[in-house]
Amino acid sequence: MQLCLALDLDSKRACLDLLESLKGFKLLVKVGLRAFVREGPSFIKEIQNMGFKIFLDLKLHDIPNTMASAVLECAHLGVELLTLHASSGAPALLAVMEQVQGLKQRPKILGVTLLTSLDEAQCQSLYNAPLEQHALHLAKLCYESGLDGVVCSVFESLVIKEATNPKFLTLTPGIRPNLQEVQDQKRVGSLQDAKTAKADFIVIGRPIYQAKDPKETTAQILESLEHANL
Ligand code: C5P
Numbered sequence: 004m005q006l007c008l009a010l011d012l013d014s015k016r017a018c019l020d021l022l023e024s025l026k027g028f029k030l031l032v033k034v035g036l037r038a039f040v041r042e043g044p045s046f047i048k049e050i051q052n053m054g055f056k057i058f059l060d061l062k063l064h065d066i067p068n069t070m071a072s073a074v075l076e077c078a079h080l081g082v083e084l085l086t087l088h089a090s091s092g093a094p095a096l097l098a099v100m101e102q103v104q105g106l107k108q109r110p111k112i113l114g115v116t117l118l119t120s121l122d123e124a125q126c127q128s129l130y131n132a133p134l135e136q137h138a139l140h141l142a143k144l145c146y147e148s149g150l151d152g153v154v155c156s157v158f159e160s161l162v163i164k165e166a167t168n169p170k171f172l173t174l175t176p177g178i179r180p181n182l183q184e185v186q187d188q189k190r191v192g193s194l195q196d197a198k199t200a201k202a203d204f205i206v207i208g209r210p211i212y213q214a215k216d217p218k219e220t221t222a223q224i225l226e227s228l229e230h231a232n233l
């Protein structure tokens, strides 16, 4: 299981200061839309030059040609993980995978099934389907289209692997090393939950960058992940 640090801080300086203190740790840095729009591709290079791999969380959603060409540009940035919306549909997902297939080095492509901000009623109104059923349907679509995995809640990871393939990757946000600090997350899980769910990647943001000592907190999390029994 690999740790992804969500880089959701307000300024470039704050992001770089945090990363400076975490140099040498084996973690992926999750750069989302906000930081990418603000700082651009050069920011990605800067982080890579500090020795970190990048999870570029852009959640792309467009027509097949636009998706495939945008993914190619992202691949050229040398990122490790990239997200797109499963609801872009099979033709777009297939076009993306065809585009990256021939590359010497390509990012792992992960599908976002349903945004966790959608509730049951909104899912019914948008897709005329129950939420869990629709999320699983989209996860299977990602698998059948050749994607490497999905972003999902820690509570869906096992079901998705059972319905697809144990090697189909799951990346789970909302992980709390200390369950009392849930912030605005609704469905949080512990490191043990993530391990039980066989999550391949976990995303942790505030518990690290808001910690008194982010370096010590990161060291403890990585240490816990290495132990068979948390
Ligand atoms: O600070 P925290 O650990 O809650 O950060 C989690 C990160 O994962 C944030 O960047 C958030 O946007 C992202 N995320 C999430 N839930 C999802 C998808 C992404 O919390 N379903």
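Last residue of the sequence shown: 233 (the numbering used here), numbering continuous. Glycine included, every Cβ here is placed at the ideal spot set by N, Cα and C.
If you draw a straight line from the alpha carbon of residue i to that of residue j, how long is it in whole angstroms?
| i | j | result |
| --- | --- | --- |
| THR199 | PHE39 | 33 Å |
| SER128 | VAL99 | 28 Å |
| LEU59 | SER120 | 20 Å |
| LEU113 | GLY81 | 15 Å |
| LEU10 | CYS18 | 6 Å |
| GLN102 | ALA214 | 41 Å |
Provide the residue span of the beta strand (DSSP E) that contains residue i, from first to last.
| i | result |
| --- | --- |
| GLN5 | 5-9 |
| HIS88 | 84-88 |
| LEU31 | 31-35 |
For chain D, check one thing: does any of its Cβ atoms lie closer than 8 Å to the Cβ of residue i?
| i | result |
| --- | --- |
| GLY43 | Absence of chain D from the displayed structure is noted, only one protein chain being present. |
What does DSSP give as the partner residues of residue i in its beta bridges?
| i | result |
| --- | --- |
| PHE204 | GLN5, LEU174 |
| ILE112 | LEU85 |
| VAL103 | Note: VAL103 sits in no beta bridge, so no partner. |
| GLY43 | In DSSP, GLY43 forms no bridge with anything. |
| GLY149 | Looking at the DSSP assignment, GLY149 forms no beta bridge with any residue, so it has no partner. |
Measuring from the CB of residue i, is there a heavy atom of the ligand C5P at a distance below 7 Å?
| i | result |
| --- | --- |
| PRO210 | yes |
| VAL153 | no |
| PRO67 | no |
Need the endpoints of the alpha helix (DSSP H) that residue i sits in, please.
| i | result |
| --- | --- |
| PHE262 | Lying outside 4 to 233, the shown extent of the chain, residue 262 is not represented and no answer is given. |
| VAL153 | Per DSSP, VAL153 belongs to no alpha helix (DSSP H); it is in the beta strand (DSSP E), 152-154. |
| ASN68 | 67-79 |
| PRO217 | 217-229 |
| SER160 | 160-166 |
| ARG209 | 209-212 |
If you measure from the CB of residue i, is any heavy atom of the ligand ZN nearer than 7 Å?
| i | result |
| --- | --- |
| ALA95 | With respect to the ligand ZN, the structure offers nothing, as its ligand set consists of the ligand C5P. |
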